[in-house]
Each structure stands twice: as C-alpha cells, then as structure tokens.
Amino acid sequence: MKKYIGKRLLISLATLLVILLVLFVMMDLMPGSPFNDEKLTEAQKALLYAKYGLDQPFLTRFITYLKNMLTGDFGVSYAINKDFSVSSMISSRLWISVKLGFMAMIIGTILGLILGILAALNHNTWIDTLCSTISVVGVSVPSYVFALLLCYFIAYKLGLFPILYNAAQQGKSLVLPAIALSFSPTANIARFTRSEMLDVLNSDYILLVKSKGLKDYKVILKHAMRNSLIPIITIMGPILVNLLTGSSVVEKVFGIPGLGTLLITAIQSNDYNVTIACAFVYSLMYIVAIFVVDVLYGVIDPRIRVAKEGGK
Amino acid sequence: MKKLLVSAVALAMLAGCSSSGTATSTANTGSGTAGKSVTIATDTDILSMNSSTSTDGTSFIALTMCEAGLTQLDEKNVPVSDLAESWDVSEDGLEYTFHIRKDAKWSDGTALTANDFVYAWNRLIDPETASDYAFLIDKNAESNTTNIKDWTAEDDQTFKVTLSKPCDFFLSLCAFPSLFPLNEKFVEEQGDQYALTTDNMLYCGPYTLTEWTPSTSWKFVKNDQYWDAASYTENVDEANWRLVQGQSAILDYQAGNIDYVKLTSEVIDDYAGKEDVVTSLTGYSWYLSLNFHNEALANNNIRKAMAYAINSDELCSSVLKDGSSPLEGIVTKSTTANADGEDFRNISGTVVLGYDEAKAKEAFEAGCKELGVDSVTLEVLYEDADVSKNCAAYVMNALEKVGFTTEAKCEPKKSRLQDMQNDNYDVALHRWGPDYADPQTYMDLFVTGASNNYGHYESEKYDSLIEKALTTDAADSTKRWEDFAEAEKVLVNEDTAIIPLYQAGNTALQNTKLTGIQYHGAGVDNYRHMKLAA
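Chains as they are written, first to last, in this note's numbering: chain Z, 52 to 363; chain C, 69 to 602.
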C-alpha cells in the first residue's frame with residue numbers, strides 16, 4: 052500500500068509540473084497584454100513589462116515562478132487588483148468556494164441517495180418514474196436557471212434568504228446557491244444509486260439474506276448500500292471537483308466572491324499570475340480528489356485491496 | 069452507515085446556520101442606523117487605490133471620494149477650487165501659481181503641503197512607476213499633453229507650475245486623480261504595501277475609505293477633517309459600493325437594499341417609462357475604423373456609401389435603447405468645455421454625413437465603377453459584448469441594403485485589439501474614451517503615424533491643421549478650437565476616414581430619493597454630493 056501511495060504522489064507531482072508548463076505556454080500565446088491594450092502605446096507597455104519582469108525570456112520567468120511558488124509566492128495581480136498578492140486573493144475566495152461546494156455536495160449526496168434508494172426499492176412504480184424524471188431534469192437544466200428561480204421566488208418574493216451574498220450572513224447567503232448547485236449532483240448520484248441498488252438487490256447474496264428472514268430496510272442499509280457505494284464514491288470525487296470549479300455562473304448570479312468568477316475575470320483580462328494560480332489550484336484539487344478516491348476504494352472494498360497487494 | 073448519514077445531515081444544517089447574526093435583509097430606504105447611507109451596485113472592481121498606477125473608472129471614482137486635488141469639477145465641467153484655495157495665471161498662460169489651503173490636512177493629522185504635489189507628480193512620471201498616465205505631465209519626455217515644463221513648491225502653501233505652451237484644459241486636468249497629492253513620508257514608509265488596504269492609505273477628501281473587501285464591497289464614511297466638511301452636512305454620511313450585476317442585482321434593488329444599479333440591454337425594455345430609470349451619456353465615442361490598406365476602403369466613394377447607409381438615430385433608438393445618442397462628429401457631446409464653459413460640439417456643429425439611402429447607393433455604384441468591380445466584400449470586426457454584437461448586426465444589415473457584402477468577425481476584446489494593431493481587419497467597431505475635457509484627446513488619434521491610427525489614415529491637410537492647433541494657435545483658445553473643428557470636418561465629412569456611430573449611454577435604476585450624482589464624460593463621475601431625501 053505504501054509503495055502504491057508513494058508512486059501515486061510522484062506521478063501527481065510530475066503532472067502538476069507539466070500542467071504549470073502548459074499554463075505558462077498558453078498564457079504567452081494569448082492575444083493582448085494584461086494591461087490596458089485599448090489605450091497604451093507600445094512604449095508604455097514596454098515599461099510595464101519591464102517593471103513586472105515580463106520581458107524576460109520564457110525559461111527565466113518559468114523557473115523564477117517555480118522558485119517563488121515553493122515559498123508560497125504566486126506573484127502579484129496586474130489587471131484585477133493591481134499589485135495585490137495572488138495568494139491572498141485566492142485564499143480568501145477559495146474558502147468560500149470550498150464551503151459552497153461542500154454544502155452542495157452534502158445536499159446532493161443525501162438527496163441523491165434518498166431518491167436513488169426510493170427509486171430502486173419501488174422499481175417500476177410511479178415513484179420510480181418520478182425520481183427518474185427529477186434526475187433527468189436535474190441533469191439537463193443548467194444550474195443558473197435553478198439559481199435564478201430560487202433567487203426570484205425564495206429570496207425575493209418570500210424573503211427567506213438574502214438575495215445577494217452578504218459577508219455578515221455568510222452561512223445563510225450560501226444556502227440558496229448550494230441548493231442550486233446541488234441539483235446536478237443529486238441527479239447524477241440518484242441515477243447511479245438506483246442502477247447499482249437494482250443490480251445488488253437482484254444478486255444472490257441478497258436473496259440469501261432475505262431468505263434468512265432479515266427485514267427489508269435492514270437488508271438495504273446493512274448489506275446492499277455498502278456494495279452499491281463503490282461506483283458512487285467513484286463519481287463523488289469528480290463531482291466534487293466539478294462543483295468547486297464549475298460554480299462560476301451561480302457565483303455570478305448571487306454575487307459570491309468565489310474562485311470561479313476570479314478565474315474567468317483573470318482570463319478575460321489576461322492577468323497571467325492569477326489565471327495560472329487559479330488553474331493550478333483547480334488541478335491540485337482534482338488530483339487530490341482522485342487520489343483520495345483511489346485510497347478509499349481500498350478501504351471500502353477489501354477485494355480491491357487484496358487484488359492490488361496480490362498483484363505484486 | 070447510519071452514523072455517517074446523521075453526521076452529514078448535521079454538517080449541512082450547521083453550515084447553513086453558522087454566522088447568521090442578523091435577520092434577513094428587509095427593505096431599506098437608506099435611513100438605517102445613524103445617518104443616511106447609500107448602496108451602489110457596480111459591475112467593475114477597483115483596480116488600484118494608488119493614484120499613481122490607477123487607470124480605470126471605478127478606481128478613479130473611489131479616489132475622488134476619499135482624496136482631493138488642486139481643483140474639482142462642478143456640474144458644468146468647470147474647474148473650481150478644492151485643495152488649492154486660489155490660483156494666479158500669468159498673462160501668457162505659461163505660469164500657474166496655486167495657493168494651497170492652510171487648513172488642508174491628511175487623515176493622520178499631518179498638514180497637506182505643496183511638497184505633496186511635487187512628490188506625487190514626480191512619482192507619476194517616474195519610469196519605475198510605469199504609470200499609464202505619465203504622458204499627461206511628463207516633463208522629461210519630448211512632449212506631454214499639458215505642455216508642462218516644470219513644477220516646484222516655493223513654500224508649504226505655494227505650488228508653481230510652468231508650461232512651455234498654454235494649455236486650455238490644464239486646470240480641469242488638475243481634478244484628475246492621477247494628479248492628486250501624496251504624503252511622501254507615509255508612502256515611502258508603506259513601500260509596496262501602499263494603498264493595498266484601508267490602513268495603508270491617507271485621506272484628504274470629503275470621505276474616508278473605512279472598509280474595503282477587494283472584489284466584493286467598499287465603504288466610505290464622511291471625513292470631518294476635510295476643509296469643506298461644513299458644506300457636506302446634507303450629503304449622505306455613508307456610501308457603500310457592491311460589486312454585483314445582472315438580474316439578481318436588479319432584484320436586490322427592488323427589495324430596497326441597493327439604491328443604484330445599471331440596467332443591462334436585455335431588461336431595458338421591461339423598465340421603459342418607469343420613474344426611477346435614469347440615463348446618462350458617457351464620453352465614449354463608438355465609431356467604425358476603416359482600414360485604408362484595403363483596396364475598396366481606400367476609395368472615397370465607397371467610404372461615403374458606408375457613412376450614408378447607416379442610420380445612427382435608428383441604431384440608438386431601436387437597437388441600443390440604453391440612452392446612447394447619435395454622434396455629430398468624432399468628438400462627443402457634453403464632455404469638452406473651453407474657458408467659457410462652451411461645448412466643442414456647439415462650435416463644430418454637425419460634420420457627419422447623415423443617413424441617406426439613395427446617396428449611399430449612388431456612392432456605392434460610383435465607387436465600384438472607379439474600382440472596376442461589381443461587388444465589395446467587407447469583413448466587420450467587433451467584440452463579443454452584447455452591445456457590440458447588436459450594433460454590428462445593425463451596421464452589416466444597413467451596408468448590405470446598399471449593395472455591400474459583409475462577413476462578421478466576432479472576437480474577445482483583446483483579440484480584436486490585437487487584430488487591429490496587426491493590421492488584420494477591414495472594418496472594425498472601435499471606441500475611444502477621452503482622457504481630458506478637450507477635443508485634442510480625440511483628434512490626436514488620426515494624425516499620420518499615431519499609435520492608435522489603426523486605419524493608417526494619412527492626410528496632409530488634417531496633419532497640418534492639428535499641428536497648427538498645437539503650435540501656432542496654442543495660445544489662442546478660439547483659433548485652436550476652430551482648427552480642430554476644421555480638422556474634424558476633413559476627417560469625417562470630406563475624407564470620411566472614420567464613421568462615427570454613437571456616443572455610449574448608460575441606463576440605470578436609481579432610488580428616486582437619491583440625487584446628486586454628477587457625470588463627467590471626460591473626467592471622473594462625481595459621487596461626492598449624493599443626497600438622500602427623507
């Protein structure tokens with residue numbers, strides 16, 4: 052197991068390095084500069100490039116960036132909040148986006164599991180059809196449509212939650228956005244849960260357990276769930292990262308100062324340091340999520356653990 | 069499994085309940101706790117509170133709230149006194165002596181002196197600062213916009229500026245944030261932390277910046293130490309800015325939490341005629357840049373055909389509908405003012421060709437004949453903002469009615485600018501915003517070889533008129549503007565080198581109890597005098 056983790060860590064680091072290199076190259080290829088292209092003359096831009104060291108050759112800039120990164124210095128912003136340290140800009144927003152993502156994930160998981168289990172247990176009844184319809188709607192309708200609907204009916208008309216993000220009421224402000232974001236994971240998890248549960252419920256060992264006389268709900272919770280969990284955990288990792296990275300539209304609707312909006316603004320204004328740092332953070336989250344999921348496999352399903360070790 | 073579920077549910081509930089001290093925000097009419105408070109929604113963030121490196125409208129508005137300069141602009145764009153109590157101008161207009169107020173103070177109690185201006189202006193033109201606006205006063209460059217030669221602090225209260233040639237708009241430029249004073253000792257102490265938080269700044273304006281969460285919100289509170297605090301008793305005590313936009317911001321306005329929010333093009337129709345809709349004109353001049361390197365566009369008749377084909381009135385009233393107004397020339401309305409407060413547009417009159425479909429078709433045929441072609445295909449380059457897309461669609465339709473074949477090229481703004489700089493376009497929808505309240509800021513663009521002359525327009529007549537205005541007639545305000553007016557005629561009417569389309573407008577929902585916002589197209593919108601009726 053330890054060898055396995057060690058190897059995975061090394062691969063992850065190498066991946067991150069390659070990602071950084073690709074990001075650097077891509078930023079260089081972007082048209083325009085991080086500065087006011089509409090007004091500045093070439094001479095003025097040259098001065099700005101010199102001030103921020105952007106006139107150095109590619110490798111020099113890349114290596115300097117790597118060195119600084121190891122000490123936690125991700126450079127300064129050029130076009131969003133001039134001369135602000137990128138690491139402080141990201142850390143404040145990261146916390147909010149993570150909170151939002153986790154809330155959406157938890158709501159989505161609970162609702163998804165409930166829907167999926169209900170659908171599987173009441174296979175081919177109207178409950179099943181209802182749950183499936185909800186799933187389809189949740190997957191097809193974009194999250195910002197839900198966001199706007201929630202904002203209008205619940206926040207504005209009923210006044211139950213703040214319409215826009217309010218730093219003084221952070222928790223309350225994140226409830227509606229979390230619900231809006233949770234529709235998609237709910238739908239995905241519900242579908243997976245339903246099909247996995249159906250598979251498991253039709254298998255031999257469940258038949259045996261039932262014939263032993265165990266009541267239905269005990270059957271589900273004790274035996275069927277654990278086995279259905281594996282594919283669900285598989286998708287939870289990517290779903291979580293998708294939530295963290297794909298929340299920009301919902302963030303915009305509710306005025307939440309999150310990481311998604313920062314990345315988009317940075318790309319549109321060619322703010323190199325912010326774009327690279329944000330994209331790097333996202334890549335890091337994705338790699339960590341996949342890594343955790345892989346390790347969890349081994350914990351949940353002994354067959355996988357044994358298979359890995361046996362395979363040596 | 070059960071335990072996991074239970075703890076997960078508990079987590080979700082906890083997350084929803086944390087840090088919710090106050091009740092849900094209900095309608096607020098601005099009379100909250102103590103004093104009057106206003107909340108303004110903006111769609112752009114503060115780039116920098118450092119007056120030497122700040123370049124964008126939102127930062128300038130914030131700086132005008134909490135800092136001050138030698139002069140400030142009144143509602144008619146006329147410069148009046150601010151930190152400079154009075155000033156003497158020599159007969160030849162080459163020497164300005166400003167008398168700084170004795171009671172002018174920084175927020176830490178230190179006196180504000182003429183040296184603060186010397187330091188700030190030196191910092192602005194320092195190549196290490198690499199300021200976008202150094203060109204306004206760079207005495208070390210070959211030339212600068214205001215023709216400044218030097219500046220000194222004769223004593224704490226006397227700031228002297230000498231020019232090599234007169235500059236009509238110098239006093240109005242003194243109200244521009246780039247020329248605001250800086251406390252040398254404080255700024256040097258702060259080093260690279262200067263102006264990054266509310267504690268790393270000193271204030272000398274009518275308000276102070278008390279809270280600033282970048283990319284979220286910022287708050288100003290009245291400054292009792294401001295020299296003119298006595299006149300501000302009726303003005304709002306607290307002004308909040310929030311970075312929010314779109315439909316939810318409009319909903320928040322309707323819930324009473326926001327007092328001013330911009331209307332986006334999709335929703336303007338829904339609010340037409342409502343009493344709290346306000347429109348204002350900006351200084352942005354949107355025009356079609358024509359690339360003279362394109363064979364067809366090098367033909368005057370073809371260009372005239374294009375100009376005659378477009379109906380700017382209809383464009384503004386039926387397509388844009390956001391308060392934009394048709395341009396009469398390249399210089400916008402209500403943004404320029406001479407010493408008598410007159411608008412350049414009144415002097416120059418209407419120089420655009422105007423809409424005339426018959427003349428357009430005639431000119432098109434004549435042009436095609438001269439070129440020896442049956443058809444003309446033009447690629448129209450524009451950016452992917454909704455307003456530009458709608459405008460470009462209208463323009464292309466208008467051109468096609470007259471006989472042109474058009475192709476659309478829609479790109480993000482930076483790509484569009486890059487293409488224009490690389491000479492990679494035929495017709496481009498472009499804009500220019502004025503840097504100061506004088507037609508020169510527009511006219512400079514089209515001189516042969518100018519860096520923003522993307523279309524490569526070359527006219528000896530135009531160049532000589534501009535040269536005359538800047539040299540021979542520099543001392544005579546009237547003649548200078550006459551030169552500019554003639555040059556504008558050559559540019560737009562005779563040569564039709566560019567086709568002015570519209571002056572960008574702004575539509576917003578404003579709390580009917582809120583008054584006092586002053587718009588300055590060629591300066592900084594002034595929110596200092598906001599008042600909230602009871």
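We treat Cβ as the ideally placed atom computed from N, Cα and C, and that holds for glycine.
Show which residues of chain Z have a CB atom less than 9 Å away from the CB atom of residue i.
{"i": "C/T121", "result": "K133, D134"}
{"i": "C/D113", "result": "I131, N132, T316"}
{"i": "C/D200", "result": "F86, N87, K90, L91, Q95, L99"}
{"i": "C/K482", "result": "M81, P82, G83, S84, D88, Q319, S320, N321"}
Can you pull the chain C residues whose beta carbon is under 9 Å from the beta carbon of residue i, in chain order?
{"i": "Z/Y203", "result": "Q315, S316, L319"}
{"i": "Z/E93", "result": "Q489, S519"}
Could you give the distance in angstroms between the alpha-carbon of residue i and the alpha-carbon of residue j?
{"i": "C/D150", "j": "C/T583", "result": "22 Å"}
{"i": "C/Q604", "j": "Z/V304", "result": "Past the boundaries of the shown model lies residue 604 of chain C; chain C is included only from 69 to 602, so the question cannot be answered."}
{"i": "C/I585", "j": "C/V304", "result": "12 Å"}
{"i": "C/I114", "j": "Z/L310", "result": "18 Å"}
{"i": "C/T445", "j": "Z/L91", "result": "31 Å"}
{"i": "C/Q258", "j": "C/N368", "result": "58 Å"}
{"i": "Z/L347", "j": "Z/R277", "result": "13 Å"}
{"i": "C/A602", "j": "C/K477", "result": "51 Å"}
{"i": "C/Y462", "j": "Z/V301", "result": "32 Å"}
{"i": "C/N251", "j": "C/I318", "result": "40 Å"}
{"i": "Z/D124", "j": "C/D260", "result": "15 Å"}
{"i": "C/L569", "j": "C/Y510", "result": "14 Å"}
{"i": "C/A565", "j": "C/T110", "result": "36 Å"}
{"i": "Z/M336", "j": "C/N492", "result": "41 Å"}
State buried or exposed for residue i, treating a residue as buried only when at least 16 other CB atoms are found within 10 Å of its CB.
{"i": "C/V329", "result": "buried"}
{"i": "C/A590", "result": "buried"}
{"i": "C/Y504", "result": "buried"}
{"i": "Z/V69", "result": "exposed"}
{"i": "Z/I290", "result": "buried"}
{"i": "C/F237", "result": "buried"}
{"i": "C/M598", "result": "buried"}
{"i": "Z/H174", "result": "exposed"}
{"i": "Z/F204", "result": "exposed"}
{"i": "Z/S84", "result": "buried"}
{"i": "Z/I147", "result": "buried"}
{"i": "Z/Y129", "result": "buried"}
{"i": "Z/L61", "result": "exposed"}
{"i": "C/A91", "result": "The predicted model places C/A91 with a pLDDT of 33, which falls under 50 and marks its position as unreliable; any figure quoted below should be read in that light. Exposed: under 16 other Cβ atoms inside 10 Å."}
{"i": "C/K469", "result": "exposed"}
{"i": "C/S285", "result": "buried"}
{"i": "C/T403", "result": "buried"}
Do the CB positions of residue i and residue j come within less than 7 Å of each other?
{"i": "C/S316", "j": "Z/I178", "result": "no"}
{"i": "C/G103", "j": "C/A243", "result": "no"}
{"i": "C/F227", "j": "C/A182", "result": "yes"}
{"i": "C/A460", "j": "C/Y450", "result": "yes"}
{"i": "Z/G364", "j": "Z/A155", "result": "This structure cannot settle anything about residue 364 of chain Z, because the visible part of chain Z is limited to 52 through 363."}
{"i": "C/D531", "j": "C/T546", "result": "no"}
{"i": "C/N579", "j": "C/D327", "result": "yes"}
{"i": "C/Y352", "j": "C/G125", "result": "no"}
{"i": "C/K233", "j": "C/A542", "result": "yes"}
{"i": "C/D218", "j": "C/N212", "result": "no"}
{"i": "Z/T244", "j": "Z/G167", "result": "yes"}
Show which residues of chain Z have a CB atom less than 7 Å away from the CB atom of residue i.
{"i": "C/V312", "result": "L215, G306"}
{"i": "C/A323", "result": "Y207, I214"}
Find the residues of chain C that neighbour residue i, judging by a C-beta separation of less than 7 Å, and give them in chain order.
{"i": "Z/A330", "result": "The contacting residues do not exist; Z/A330 stays about 18 Å from chain C at best."}
{"i": "Z/K25", "result": "Limits of chain Z in this structure are 52 at one end and 363 at the other, which puts residue 25 of chain Z out of reach."}
Check the Cβ of residue i against every Cβ in chain Z and list those closer than 8 Å, keeping chain order.
{"i": "C/L264", "result": "D134, F135"}
{"i": "C/D260", "result": "D134"}
{"i": "C/L277", "result": "Within chain Z, no residue comes near C/L277; the closest Cβ sits about 14 Å away, beyond 8 Å."}
{"i": "C/P195", "result": "L98"}
{"i": "C/Q486", "result": "P82, G83, D88"}
Anything in chain C within Cβ reach of residue i, meaning under 8 Å, just list it in chain order.
{"i": "Z/A218", "result": "T281, T284, S285"}
I'd like the ranges of any alpha helix (DSSP H) spanning at least 4 consecutive residues and lying wholly in the stretch 257–343 of chain C. 315–322, 336–339
Which runs of the beta strand (DSSP E) spanning at least 3 residues fall entirely within the stretch 142–168 of chain C, listed in chain order? 147–149, 152–157, 163–168
At which residue ranges does the stretch 181–267 of chain Z contain complete alpha helix (DSSP H) runs of 4 or more residues, listed in the order of the chain? 194–201, 221–252, 255–263
What are the start and end residues of each continuous alpha helix (DSSP H) run of 4 or more residues lying completely inside the stretch 334–400 of chain C, in chain order? 336–339, 368–377
Considering only residues of the stretch 192–263 of chain C, which uninterrupted alpha helix (DSSP H) runs meet the minimum length of 4 residues and lie entirely inside it, listed in chain order? 238–241, 252–258
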